[in-house]
Amino acid sequence: MIQELLTPFHYDYMVKAMLVSALIGAVCACLSCFVTLKGWSLMGDALSHSIVPGVSLAYLVGLPFALGAFISGMLAAACMGYIKSATRIKEDAVIGIVFTTFFAAGLLMISLFPSNINLKSIIFGNILGIANPDVVQMIVISVVTLAVVACKWRDLVLYTFDPTQAKAIGLNVHVLHMTLLTLLAATAIAALQAVGACLVVAMLVTPGATAYLLTDRFGRMMVLAMAIGTVTSFTGAYASYFLNGSTGGCIVVLQTALFLIALFLAPKHGIFASRRRGRSQGGASPTTVGAALE
Numbered sequence: 007m008i009q010e011l012l013t014p015f016h017y018d019y020m021v022k023a024m025l026v027s028a029l030i031g032a033v034c035a036c037l038s039c040f041v042t043l044k045g046w047s048l049m050g051d052a053l054s055h056s057i058v059p060g061v062s063l064a065y066l067v068g069l070p071f072a073l074g075a076f077i078s079g080m081l082a083a084a085c086m087g088y089i090k091s092a093t094r095i096k097e098d099a100v101i102g103i104v105f106t107t108f109f110a111a112g113l114l115m116i117s118l119f120p121s122n123i124n125l126k127s128i129i130f131g132n133i134l135g136i137a138n139p140d141v142v143q144m145i146v147i148s149v150v151t152l153a154v155v156a157c158k159w160r161d162l163v164l165y166t167f168d169p170t171q172a173k174a175i176g177l178n179v180h181v182l183h184m185t186l187l188t189l190l191a192a193t194a195i196a197a198l199q200a201v202g203a204c205l206v207v208a209m210l211v212t213p214g215a216t217a218y219l220l221t222d223r224f225g226r227m228m229v230l231a232m233a234i235g236t237v238t239s240f241t242g243a244y245a246s247y248f249l250n251g252s253t254g255g256c257i258v259v260l261q262t263a264l265f266l267i268a269l270f271l272a273p274k275h276g277i278f279a280s281r282r283r284g285r286s287q288g289g290a291s292p293t294t295v296g297a298a299l300e
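Just so we're aligned: 254 in the working numbering is position 248 of the sequence shown, and the numbers increase by one with no gaps anywhere.
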């Protein structure tokens, strides 16, 4: 029995998949805390889908996929920002229009210019077949992302909670805004190999949302989210071997299962706890900037 459970560790491709998934899960979970509190869930979805035309165009002109995807993601973010500032259209509508347009453009390019690009891998991921150069790319993106978050921790937290206060004390909120967008775009590119464009948004939202239900302090929230992201990503990749199913699907289902458990059973903000107190927990969590910066 034990030998059977250890079987995945006998294959190099499985060990690589589990370790890379754990790394990407941790980085996505780190950013998911900012995404959750900032209300950028749709933004994460938009960036994950808008990188598809960049991948297609990069292949056609012979550039690295990561470069094309990054430029495409940032172009989409710039388009969303311009349309929002220049028109009266609400942000959710702008995001929906831009990311579906970019995604459709990518699908059209792939269909018009047949290539070796595997559309299924882009949409659903292929962590089991990831090449060593892609692993190096993921590691670099992950290290840079975590380093930037560590260096700009206080500024990013303050900007996430209260952009007005951040601007009032002299912080460049535009730079902080673009920093978060850049980190999201880069992380979406890294996670694309693991779970694909369709499921990247889940990894960028679910761990943070789960941790948000379990604590009122941002520091603890990030630690919990990264632990959830790491463990579920590793376990999901491990379980996919026995289930013979989608690795990305296993990872996201596990994360969703933990979210549902927290949703109902969280000791303070869970549904059952709210009912026991005889009142709903309407409004935002009492997490404060001061607590977050401790």
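Glycine residues also receive a C-beta, built at the ideal position from the N, C-alpha and C atoms. Values in this document were obtained by computation on a predicted structure and should not be read as measured data.
Note that the C-beta distance between A197 and M209 is below 8 Å. If you draw a straight line from the Cα of L11 to the Cα of T241, it is about 12 Å long.
Within the same chain, L269 and F270 come within 7 Å of I277 by CB-CB distance, once the 5 residues on both sides are set aside.
With distances taken between CA atoms, L25 lies nearest to A243 out of Y65, I77, G202 and A243. Within the stretch 59-134, the complete alpha helix (DSSP H) runs of at least 4 residues fall at 71-92, 97-118 and 125-130. By the 16-neighbour rule on beta-carbons within 10 angstroms, L187 is buried.
Cβ-Cβ separation between V211 and T42: approximately 6 Å, consistent with a contact (criterion under 8 Å). For secondary structure counted as the alpha helix (DSSP H) over 4 or more consecutive residues, the stretch 180-233 holds these complete runs in sequence order: 206-209 and 212-218.
Three or more Cβ pairs drawn from the stretch 180-195 and the stretch 61-81 lie within less than 8 Å of each other, which places the two stretches in contact. For the pair T13 and K173, the Cα-to-Cα distance works out to about 54 Å.
Counting the other CB atoms within 10 Å of its CB gives T236 a total of 16 or more, which places it among the buried residues. For C256, same chain residues with a beta-carbon under 6 Å away, outside a window of 5 residues either side, are G242, A245 and S246 in chain order. Within the same chain, Cβ atoms closer than 6 Å to the Cβ of S54 are found at A194, A203, V206 and V207, the five residues on either side in sequence being excluded.
Counting along the chain, the unbroken alpha helix (DSSP H) around L164 starts and ends at W159 to F167.
Rounded to the nearest angstrom, the gap between the Cα atoms of L63 and C85 is 18 Å. Going by beta carbons, V104 and A82 fall inside the 8 Å limit.
When the five nearest sequence neighbours on each side are left out, the beta carbons in the same chain lying within less than 8 Å of the beta carbon of K158 are those of L182 and T185, in order along the chain. Pairing P213 with A28 gives a Cβ-Cβ distance that is not under 8 Å. Counting only residues of its own chain and dropping the five nearest sequence neighbours on each side, D51 has a CB closer than 7 Å to the CB of F105 and V207. Burial state of I8 is exposed, judged by a 10 Å Cβ sphere holding fewer than 16 other Cβ atoms.
Out of G284, V259 and S239, the CA that lies nearest to the CA of V21 is found in S239. Excluding five sequence positions before and after V33, the CB atoms of its chain that fall closer than 6 Å to its own CB belong to S148, T151 and T193, given in chain order.
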